[in-house]
Structures are given as C-alpha cells and as structure tokens.
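Mapping of the sequence shown onto the working numbering: position 164 corresponds to residue 158, and the numbering continues sequentially without gaps.
Yeah, the Cβ is synthetic: ideal placement off N, Cα and C, and Gly gets one too.
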Amino acid sequence: MKHFPIFVNLVGQKVLVAGVGETAVAKLRLILKTEAEVHVFGQDAVDQVQAWADAGRVTLHNRVLKPEDCWGATLVYAAQDDAALDARVARIGRAAGAMVNIVDNLQDSMFITPAIVDRDPVTVAIGTEGAAPVLARHIKKTVEESLPPSLGLLARLGQAFRGAVEVLPMGRKRRDFWSKFYFERGPLALAEGGEVAVKAELETLLAQTIAAKRSPGRVDLVGAGPGDPELLTLKARKLMHEADVVLHDQLVTRDILELARREAIVIETGKKGFGPSWKQEEINDLLVSHAAQGHHVVRLKSGDPAVFGRLDEEMDALDAAGVDWAIVPGITAASAAAANTRVSLTQRGRNSALQFLTAHDVNGFADQQWRDLAKPDAVAAVYMGKKAATFLRGRLLMHGASGDVPVTVVENASRPDQRILQATLMTLPEVLAASDVSGPAVMLLGLAPRAAVEAAMDLDISEMEQA
Ligand code: SAH
C-alpha cells in the first residue's frame, strides 16, 4: 500500500485550488461537500466557479497563486491543466507545508482524491492508487447501489443518539443495538413515519435493549486449517467476523487473524511474551470467563480442532461451566500436505486404512501399533514428528519395515513458505537435519510426491526398454 487512506477534518481549514477551468470545477464539487474555507486562484473563471464565488461558497482571487497564499493551508490542488504552472504551484505549496495534489499526476502528488460514495456522515472512499480507474468506478457503482440514500439520515440521527446509548455496556449489547437500528428498525421507521418516527424508535429500541436479559456467551471451537486463508470454511470465516474474542494457537497464521473483527480481542495462547507456553487450564479458564461475560468466543485451532488439538479438555471445561459450545471442523495438515504433493491418502489396492499419528504424547515419544505401520503398504500422516524421526525409524525398522519406504515431509503446508522434502525411512532423520526444518511439518509415511512416483515409473520403463 503506497497511499494510506485517512479522513481529514477540513472544518474551517484552508483549501486552495489553483485553476478556474473545468478540471478545477470537478475537484471543487468534491471539496465543497466539506466545511473547508476554499480559495480559488486564476483569471477568466468559468461560469460555475464564478457562480460559487458570487454565492460566497469560494473566495475567487483573479490572479496566480503566490507563496504567501499557502501559509496555513491544509490542502493545495494544482488544477490548471498546464504541467509547468502546476509544478510551480506544487512547489510553493509543498514549501509552505501543505499537502499537494496535482490533478491527474499521481507521480508528483502527495495525496490523491479517492472516488467517493457520499452518505454523509457515512463516506466510502475508493482508491486503486491509479492502477485501475475502471475498477474504482465499478466498485463505486456497486457500493452506491448497496447503500440506500436514507443511510446518511439514519446515521446522523444515530450519531445524535450515541450519548444515550452509553447506558448499554460496551461490546456485544451495544453492537446489537446499533445493528438492529441500522438494519431493521431504523429503515422501517423511516419509511413509515420519517425522521420523527426514527427518533421515537431509537428511544423504544433502547428501552427494550436495556430491559432484555443479558445474552449468554458461547464458544465455538473452530478449525483454522493449515494456514492458507482460502482453506478456511465459510462458517469459520463468518464466526471470526462475529466474534468478540478470538483465542488462537500459535500455528494460526497472521493472514487468517486479519479476518477477525477489528474490535475483537485477539489472544494468542501459544506463548506468553517470551515466557513459557500457556497451560491448558489457563486456556480453559479464559474460555469460560469470557463466555461468562456474555462474549462470543472463537477458539481457533490450526487444522482441524479434533486432530491433536486437546479438544476434549476444552469441551469438558465448557460443559462443567455450563457454557454452550460447538465444533467447526477444519482442513487438517495431512489433507493439505497430500493435496500439495498431489497424492491420494488412500488408494484402492494399496492402503485401505490411513493413520493419523502423533509422534509425541504426554509421556514423550508416542507408542504405536508398530507392526501395522511397518507393513509394506501402510500409509500414515505423522504430526509433531520432527524430533521423533530417529525414534520412528528405529521402531519401524525393528518391526520389519523396509528402509526404502518413502516418507514425504511437508513443512508449512499451504503457506507461502511451504517446502516439500523427499526422504525414505532410512534417510528421514538426516534429511530433516540437513534441511533445517523449523516450521510445522507433517510427514507422510508410505507416500512419495506424485511427480517422484511418475519419474520413477518413467525410469522403470526406460530400463525395461533398454533391457
Ligand atoms: N489440529 C492440527 C494439528 C495440531 S498439532 C491439524 O489438524 O492440522 C501440530 C502439528 O500439526 C505440527 O507439529 C505439525 O505436525 C502439524 N501441522 C500443523 N499445521 C501444519 C502445516 N501448515 N504444515 C505442516 N504441518 C502442520
């Protein structure tokens, strides 16, 4: 982003426009929506500029803009349709410390004027940094159509009522009041009885909201998928948009957290500053206490919450506290890893079973059904397995597995920094060490990337041909 969007308060501020032709008129139309003190400079003004001057809406100076005019100016527009003259205005405006715009000259402007949808006090500004004016126009049209003209009036009436609404506690309840007003009761009242009815409706709705029982909090245990925001479910997305509080694992990516509501409290439960990790009990307590305050909590877990996510402990704690909860599944790391290595996790005639296993459990290296896993066509997705690679290899070889069994390590599956490492059971620990795998990694035991399988088949065929 090169241009940062802000809304500048222009009440009583000096805005200068050098130019009195049609280019200036186009900018003046926008500027005159504000309460700025507008000065226009130039000779032979077109009728519209003259009319604005006659009506006292702008001060017209029949001369070129001089350096001293710029003192104390907030914005200066150079709109003379003459590159040399505009450059001069820009120079003196800048020297006086004003923000300068040269119309239709993105390069030399300090700011640009966006396309605007005006439902004062609601203003939507659209910018494409000059990349695609057609796109800006299209977006403007779409937004214009989606915002009823009455929105501005409702917002103004709502604004005047904000003080009264402060009796409601901040957060959910206040938000519910306003969304009911803007999206249900306000428009209805306006259509039925105009401004007077809207004012009465605000009072009624407030009284009803105060009288209403506090809404109970709830917790959604939501799968965030392996990292790519596009792999979130629609439901996860929707809940993140509604949540008052988002509690997330360390593995949940920033791109996904961006989707949380801006006012939401976002808490990372992975690490406390640079200190030790959170204890599960502390997470449980936090879930319960936020729900008790009437908050809607989204507990975001990487991948699928039911796969190595300590889900039971949280469900039990919520049940014990009588908090309402639900699970929203997500795409587990093994699915993303398989997709991106272009393999199927099951295959007719090869493996009719698939294991998800963790190499670590509460007691250290996890014990498994080694005999089954060591069978020639066994397929397993190994989570949290980086440190256990040597242990895994040892146990599997001991139970009769071949050292040639393929193992594909997928680090940061679905993320921009994803890496796919090809190993065999025998080489796995060495491959991991040599590749310095520092991100989360899942290992697909018994599977090689499709490309590698195809290459090996080609090799077999050419060897056969040679033979
Ligand atoms: N619930 C998660 C797993 C949590 S356990 C899921 O369903 O995916 C944490 C382990 O998941 C990590 O040690 C790693 O083995 C795996 N993992 C999570 N995200 C991953 C990713 N983007 N790429 C590879 N492995 C990942």
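What three-state label does DSSP hand residue i in the structure shown?
i    : result
S271 : strand
N278 : helix
R342 : coil
P400 : strand
V376 : strand
E178 : helix
G187 : helix
L200 : helix
H33  : strand
T418 : strand
L241 : strand
T247 : coil
F385 : helix
M93  : strand
Under a Cβ-count criterion, where at least 16 other Cβ atoms within 10 Å of its own Cβ denotes burial, should residue i be classed as buried or exposed?
i    : result
G267 : With a pLDDT of 48 at G267, under the threshold of 50, the predicted position of this residue should be treated as unreliable, and no value is reported.
R156 : exposed
R57  : exposed
K60  : exposed
H290 : buried
H235 : exposed
N3   : exposed
Less than 8 Å between the CB of residue i and some heavy atom of the ligand SAH, yes or no?
i    : result
D463 : Any question about residue 463 goes unanswered here, given that the chain covers just -5 to 461.
T263 : no
F175 : no
V322 : no
S408 : yes
L245 : yes
G358 : no
F105 : no
V399 : no
F385 : no
P434 : yes
A330 : yes
A327 : yes
E307 : no
T352 : yes
V470 : Here the chain covers residues -5 to 461 and nothing more, so residue 470 does not appear.
Per DSSP, what are the beta-bridge partners of residue i in this structure?
i    : result
A109 : I120
R212 : H290 and D318
D355 : G358
L54  : V34
Touching or not, the segment 156 to 174 and the segment 131 to 142, by the rule of three or more beta carbon pairs under 8 Å?
In this structure the segment 156 to 174 does not lie against the segment 131 to 142, because fewer than three pairs of beta carbons, one per stretch, are closer than 8 Å.
Three Cβ pairs or more, each shorter than 8 Å: is that satisfied between the segment 408 to 416 and the segment 428 to 438?
The segment 408 to 416, when compared against the segment 428 to 438, does touch it at the 8 Å Cβ threshold.
May I ask you to verify whether the segment 319 to 338 touches the segment 441 to 452, counting CB pairs closer than 8 Å and requiring at least 3?
Yes, the segment 319 to 338 is in contact with the segment 441 to 452.
Any contact between the segment 209 to 220 and the segment 312 to 327? By contact I mean 3 or more CB pairs, one from each, below 8 Å.
With the cut-off at 8 Å, the segment 209 to 220 and the segment 312 to 327 touch.
Count the CB pairs spanning the segment 196 to 205 and the segment 295 to 312 that are closer than 8 Å, and state whether there are at least three.
These segments do not touch.
Does the structure place the segment 271 to 280 close enough to the segment 218 to 228 that three or more beta carbon pairs sit under 8 Å?
Contact check between the segment 218 to 228 and the segment 271 to 280: fewer than three CB pairs, one atom from each, fall below 8 Å, which does not count as touching.
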